[in-house]
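Residue numbers (the working numbering): 3 to 376.
Each remark here refers to the structure printed beneath this line.
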């Protein structure tokens, strides 16, 4: 027999004993006052009042909480888990009584998720009322650099209950894009990577506005190399920064990779950046086939010189700064090193670049054979 039923059984016995004693008292009072109806009615009313108060304080006792406490009610919590939490935290004496009262009073479907402060001496009714007026709680979400619109929506939906399709639709709504003051067709590239705090009931539009505002604030703190300032629009700088973000595994190489891309743009060479092809194919892992690298999309920077039509992800502040202030170098090529460190080998000439690629291939084959032997 659990705690609730023990309390209930003991309470019933207590009430029966008290009722018997009161009944005896009533009979004794009636015998004293004789047939005086007014006095009999008054005595009965007083006794009934004390009986009702006794039942009330038994059913809705004051909780044993010794000091004020804050409790967070998570979204979609069950009534049973909420009641159990309040009992364990000593806000109430019985979770069963709270559940019964919530159902009888019709409040079970009006409970709000959030933060609630329960004070010392709360009763069941007071606790139930507070469950309907919780304070919204802000939750943090970190959006990493290099995510696309779809990936950003997926990341945010891991923390908040948002409509991801609505988020993506708004990011591609040209009217909404213009409303936020962007000279672009979509929000791609402008959902600034950062840690954000929102309440659990946040809407997609509010999140997007905040992220774009953060982009504007970050971009405003940067200044372009005077030699480049008049040659590129903000949208073009963001586009280049997004490619740098995807190519540079190491933050320390961003300015150098940006320098290579600026050199290739100046000479009219294709950027040759595989991430732009991956973007149009939505293929972010695994090798690219020759047919895929020959895609006719304007985003294919292996095939077409110049910048693609727009960003391929949201770059961080480091990549933005690198695109605005690239390293001064004569290098035109880079290739990932064989050791898996994420670093690159840079070259000035195509001949040197080809030699390094051959050496990397040779080392990779050697490592493969060693693994097979083991």
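For every residue, glycine included, the Cβ atom is placed at its ideal position computed from N, Cα and C.
| Item | Value |
| --- | --- |
| Per-residue DSSP class, three states only, for residue 392 | Because the chain in this structure spans residues 3 to 376, residue 392 falls outside the shown range and cannot be described. |
| Per-residue burial, residue 323 [other beta carbons within 10 Å of its own, 16 or more giving buried] | buried |
| Of the residues 276, 320, 265, the one placed nearest residue 289, counting alpha carbons only | 276 |
| Limits of the beta strand (DSSP E) - the one that residue 72 falls within | 71-75 |
| Residues sharing a beta bridge with residue 223, DSSP | Bridge partners of residue 223: none, in fact. |
| Selection from 257, 170, 200 that minimises the alpha carbon distance to residue 331 | 257 |
| Neighbourhood of residue 94 by C-beta, 6 Å cutoff - its chain only, sequence neighbours within 5 removed | 65, 88, 100, 126, 129 |
| CA nearest to the CA of residue 274, picked from 232, 238, 334, 228 | 334 |
| Cβ neighbour criterion (16 or more within 10 Å) applied to residue 213 | buried |
| Own chain residues within Cβ distance below 7 Å of residue 136, not counting five before or after | 75, 114, 115, 116, 117, 118 |
| Residue environment, residue 219, which counts as buried when at least 16 other CB atoms sit within 10 Å | exposed |
| Within the stretch 313-341, ranges of the beta strand (DSSP E) (whole runs, at least 3 residues) | 335-338 |
| Residue 463, enclosing alpha helix (DSSP H) - first and last residue | The structure shown does not extend to residue 463, since the chain is modelled only from 3 through 376, so no value can be given for it. |
| Rounded Cβ spacing between residue 244 and residue 313 (contact assumed at less than 8 Å) | 4 Å |
| Where residue 206 falls: helix, strand or coil (DSSP) | helix |
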